[in-house]
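Under numbering that gives the first Met the number 0, residues 0 to 121 are what the sequence shown spells out, in order. C-beta atoms are modelled at their ideal positions from N, C-alpha and C, and glycine is treated no differently. Report on the following structure.
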Amino acid sequence: MTTVKKLTCVVCPAGCPVEVTLDENGTILSVTGNTCPRGKKYAESELTHPVRTLTTTVALENSVEHRLPVKTDKPIPKESLFAAMEIAEKTSVSAPVKRGDVIIADFIEPGTNLVACKTVEA
0 MTTVKKLTCV
10 VCPAGCPVEV
20 TLDENGTILS
30 VTGNTCPRGK
40 KYAESELTHP
50 VRTLTTTVAL
60 ENSVEHRLPV
70 KTDKPIPKES
80 LFAAMEIAEK
90 TSVSAPVKRG
100 DVIIADFIEP
110 GTNLVACKTV
120 EA
């Protein structure tokens with residue numbers, strides 16, 4: 000028996016409606032509806048190993064601003080998002096900080112960093 004999963008591709012603004020047909024073991028049989036190869040790759044990834052870029056804030060000291068926007072420099076596994084948020088919630092940095100500064104190296108996964116998204120002077 001086959002199963003059809005319906006997704007909306009988010010790789011570009013087109014938002015193609017994509018249908019993925021899976022066999023009884025969850026193996027992908029076909030991907031349709033995408034208008035470019037990126038849509039097929041997105042759908043396959045979303046069903047086999049979904050990842051997300053985390054965007055959040057961390058506490059900021061030594062500044063009139065109290066929060067610093069941060070993000071992961073690579074997508075992390077979707078199932079790690081709550082653990083990542085718990086770490087970010089406990090993180091505090093002190094100004095000055097520059098956009099692109101690594102706030103936490105090897106965040107959640109080796110080679111993925113939590114980086115500052117804004118420059119803040121002291």
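Any idea what DSSP makes of S93, helix, strand or coil?
Walking along the sequence shown from the start, residue 93 turns up at place 94. Reduced to three states, the DSSP call for S93 is strand.
Would you mind working out which of C11, V9, T56, C8 sits nearest A87, comparing C-alpha positions?
In the sequence shown, residue 87 corresponds to position 88, counting from 1. Considering only alpha carbons, the answer is T56.
Where do the ends of the beta strand (DSSP E) carrying L113 lie?
As a position in the sequence shown, residue 113 is number 114, starting the count at 1. Where L113 is concerned, the enclosing beta strand (DSSP E) stretches over 113-115.
Entirely enclosed beta strand (DSSP E) segments - the region 23-86, minimum 3 residues
27-31, 54-60, 66-71
Hey, how far is the Cα of A115 from the Cα of L67?
Here residue 115 refers to the residue found at position 116 of the sequence shown. Here residue 67 refers to the residue found at position 68 of the sequence shown. Between A115 and L67, the C-alpha separation is close to 7 Å.
Those residues which DSSP pairs with V19 across a bridge:
Taking the first residue of the sequence shown as position 1, residue 19 is located at position 20. In the DSSP output, where bridge partners are listed per residue, V19 has K4, V30.
Between the Cα of C11 and those of T90, Y41, V96, spot the shortest distance and give me the residue it belongs to.
Taking the sequence shown and counting its residues from 1, the one referred to as residue 11 is at position 12. When only C-alpha atoms are compared, the closest one is Y41.
Between the region 45-56 and the region 64-81, are three or more C-beta pairs nearer than 8 Å?
yes
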